[in-house]
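*Asks:* Handing you this structure, nothing more for now.
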Amino acid sequence: MKPKARPFRPVAPCWECSKRRLVCDLGTPKCRKCRVRGVDCPGYQHKPLQWMRPGQTRSKGAQSAKTLGVSCPPARSDEIITNCTFLGQKTSTRAKASEDSKVEDVSSTPACEAQTAMTVLRNMSGRSTFEILIQAVVYYNINIAPDLSGISLEGAASPFIVPSSYVSWIPPAISQTLICSALGHRILQTAEGFERERNAMALNLRQCRGEALQLVRRELTGGRDSIMPILCLLLSEIQHSISPSWWHHVDAAYTLIDMHGGFRCCSLLHPNIRPMYQFLVYVDVLGATTSPCVNSARAQRQLELLPYLQDLFGDRTLTCIPCAPGLLAEVIRINYYRFLMDSPTSLLSDSADQLPSGSDILRRVLNFSPELWASEVVANSDFSTGGSLDETGQGFAVRRMGWERIGRIYQSAVVLYCLASQPQGFDHVRESDQWTSLRAGLLQDLRDSSLDACSHHRKLVIWPLTILGLALNYDDGGAQQFVLQELKWASAALGTATPLVAIQLLESTWQGYSGWEWDKLFDRPYIFAL
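For reference, each letter of the sequence shown is one residue, going 16 to 545 in this note's numbering.
Structure representation (structure tokens):
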């Protein structure tokens with residue numbers, strides 16, 4: 016007769032109670048305390064396995080990295096590509112939108128998740144060039160590309176995401192520029208106290224930037240393929256704000272575009288990079304607003320853009336600079352107006368007949384309809400995400416109200432810039448009632464935008480914030496602190512140094528204000544568009 020097996024009697028607490036340091040009741044087959052808490056009891060004999068991410072060797076190390084905002088780099092490049100969300104997948108942008116909606120404190124520094132914010136390129140020694148590029152592309156797709164699009168966080172895939180199938184075909188010049196962008200973004204988003212990591216990444220950034228400049232110079236063969244490296248380098252240089260000579264890259268890009276038929280021809284031949292052409296126009300036009308008066312070549316070049324604006328911005332793409340084409344056209348006319356008023360010889364030439372009237376420009380800007388523009392933006396957003404357009408729905412109305420506020424913000428900023436450029440003098444304009452009411456309205460809209468649940472709109476107003484800061488009085492402390500806090504938040508949220516440069520300019524302007532004219536506020540060309 017076979018002996019009867021004895022029932023199992025635990026002598027040690029279950030693994031869950033042992034982990035939580037609780038007194039286990041040693042119940043069989045499962046612990047009753049775990050059942051009461053709604054936990055699946057792991058038992059008493061075999062220790063349960065704990066799954067860890069690729070490349071991770073310690074479970075506690077992963078928790079520390081998540082707390083500190085730093086994570087371990089993946090082990091293999093193929094695992095990086097597998098775990099990355101690329102073009103056509105909407106999960107990454109929606110996850111980033113939910114993450115952005117948690118930001119409440121103005122002074123807080125947004126931190127990336129441990130799974131997405133890799134410690135990219137902190138130690139580049141011993142790694143292959145392709146592995147470094149893959150890490151930079153993954154970081155760029157998750158943390159940078161969604162912020163370059165105006166509607167990507169509403170569910171649409173960002174047109175700036177690099178597809179996985181294109182990684183091996185990226186030209187060397189663009190590869191180094193992408194690495195520079197990832198490094199610069201990560202440096203600005205690294206939490207305080209990680210000076211060692213920052214210094215290491217800053218050293219790699221300087222090295223990669225030098226290599227990128229050399230590679231872009233080699234690409235300047237005059238072919239059509241030379242345009243894209245110049246545009247990528249331009250955006251990267253603006254992001255880092257290392258060199259003030261960004262306008263030379265703009266001139267080089269325009270020269271190459273003119274060699275191949277102009278904007279209309281290039282945008283038709285390469286519709287997939289049309290958003291990069293839009294960025295070029297924004298940088299050129301809005302950069303002239305916060306710079307000394309442009310020369311005749313640049314003023315005439317901007318004026319020649321007017322017939323092409325509707326074609327260039329006629330698609331359904333909205334970049335992170337949501338300035339309506341109608342307002343952008345008036346900014347071009349104001350820039351040309353400044354050039355004509357600054358150059359006495361031009362007034363004596365045939366250009367005097369082309370002198371735009373300041374009152375006509377102001378009337379057209381005031382006639383701009385933010386409501387109509389917002390409806391078009393929301394409709395295009397629904398079209399891009401594949402949703403149905405329901406103008407009677409509550410969601411449509413809420414989103415339209417947010418974009419109406421963005422339209423009013425840019426409209427007010429253009430009006431302030433137009434008034435400040437009038438020939439009767441900056442001091443006379445500051446004393447007018449229209450100036451005071453416009454400034455108060457712009458300040459209120461910016462405050463409302465900073466409190467909006469959709470923090471993505473808060474990232475789209477760097478240029479209006481700077482214009483408002485330049486329009487403030489030196490003794491308006493409350494509004495000044497708000498502008499500085501918003502710019503500081505934008506720098507940390509976007510990972511760009513442009514708002515930090517704006518802070519330095521505004522502080523020096525407020526401290527040394529003595530009735531200057533608008534053209535005398537800038538000692539060099541500045542760009543605060545992105």
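Glycine included, every Cβ here is placed at the ideal spot set by N, Cα and C. Because the structure is a prediction, the values reported are computed rather than measured.
#1: Starting from the Cα of Arg201, find the closest Cα among Ile185, Trp184 and Asn219 and give me that residue.
#2: Rounded to a whole number of angstroms, what is the C-alpha to C-alpha distance between Leu246 and Ala412?
#3: Check this for me: beta carbons of Thr511 and Leu485, under 8 Å apart or not?
#4: Nearest to Leu41 by CA position, among Val54, Gly53, Gly58 and Lys34, is which residue?
#5: Since Trp261 is in the alpha helix (DSSP H), which residue starts that stretch and which ends it?
#6: Three-state secondary structure (DSSP) at Asp534?
#7: On the three-state DSSP scale, how would you describe Thr334?
#8: Quick one: what's got a C-beta closer than 8 Å to Cys32's C-beta in the same chain, skipping five residues either side?
#9: Give me, in chain order, the residues of the same chain whose beta-carbon lies closer than 7 Å to that of Phe23; leave out the 5 immediate sequence neighbours on both sides.
#10: Could you compute how far the alpha carbon of Glu146 sits from the alpha carbon of Glu226?
#11: Would you say Ile421 and Pro514 are within 8 Å of each other, going by their C-beta atoms?
#12: Should Val380 and Val429 be called a contact, given that it needs their Cβ atoms to be closer than 8 Å?
#13: Taking the alpha-carbon positions, what's the Cys335 to Ile159 distance?
#14: Nearest CA to the CA of Ser173: which residue from Tyr181, Ser180, Ser179 and Ser164?
#15: Measure how close the beta-carbons of Cys308 and Arg353 come, nearest whole angstrom, since I'm counting them as under 8 Å.
#16: Assuming Trp261 and Glu252 make a contact with CB atoms under 8 Å, what is their CB distance in whole Å?
#17: From Thr205, Trp533 and Gln204, pick the residue whose C-alpha is nearest to that of Met576; which is it?
#18: Closer than 6 Å by C-beta to Arg423: which residues in its own chain qualify, once you throw out the five before and the five after it? Chain order, please.
#19: Just verifying my parser: in three-state terms, what is the DSSP assignment at Phe23?
#20: Taking buried to mean at least 16 other C-beta atoms within 10 Å of its own C-beta, is Asn156 buried or exposed?
#21: For Ser173, which three-state DSSP category applies?
#22: Answer yes or no: do Trp388 and Ala312 have a C-beta to C-beta separation smaller than 8 Å?
#23: Could you spell out where the alpha helix (DSSP H) holding Lys503 opens and where it closes?
#24: I need the straight-line Cα distance from Tyr425 to Val54, nearest angstrom please.
#25: Whose C-alpha, out of Gly277, Arg52, Cys280 and Arg348, is nearest the C-alpha of Ser436?
#26: How big is the Cα-Cα spacing for Ala517 and Ala303?
#27: What does DSSP give as the partner residue(s) for Ser164 in the beta ladder?
#28: Which residue marks the beginning of the alpha helix (DSSP H) containing Lys48, and which one marks its end?
#29: Taking the alpha-carbon positions, what's the Pro186 to Arg213 distance?
#30: Please report the distance separating the alpha-carbon of Tyr154 from that of Tyr181.
#31: Quick one: Cα of Ile149 to Cα of Leu248, how far?
#32: Could you compute how far the alpha carbon of Val51 sits from the alpha carbon of Arg36?
#33: Rounded to the nearest angstrom, what separates Pro161 and Arg279 at their Cα positions?
#34: In whole angstroms, what separates the C-alpha of Ser190 from that of Phe294?
#35: Return helix, strand or coil for Asp467, following the three-state DSSP convention.
#36: Using three-state DSSP, classify Arg36 as helix, strand or coil.
*Replies:* Per the coordinate set shown:
#1: Asn219
#2: 36 Å
#3: no
#4: Gly58
#5: Trp261 to Met274
#6: helix
#7: strand
#8: Val38, Cys39, Cys46, Lys48 and Cys49
#9: Thr43
#10: 17 Å
#11: no
#12: yes
#13: 11 Å
#14: Ser164
#15: 5 Å
#16: 5 Å
#17: No answer is possible for residue 576: it lies beyond the span of the chain, which begins at 16 and ends at 545.
#18: Pro385 and Asp460
#19: coil
#20: buried
#21: coil
#22: no
#23: Gly492 to Leu509
#24: 54 Å
#25: Arg348
#26: 15 Å
#27: Thr334
#28: Arg47 to Arg52
#29: 27 Å
#30: 15 Å
#31: 19 Å
#32: 16 Å
#33: 27 Å
#34: 19 Å
#35: coil
#36: coil
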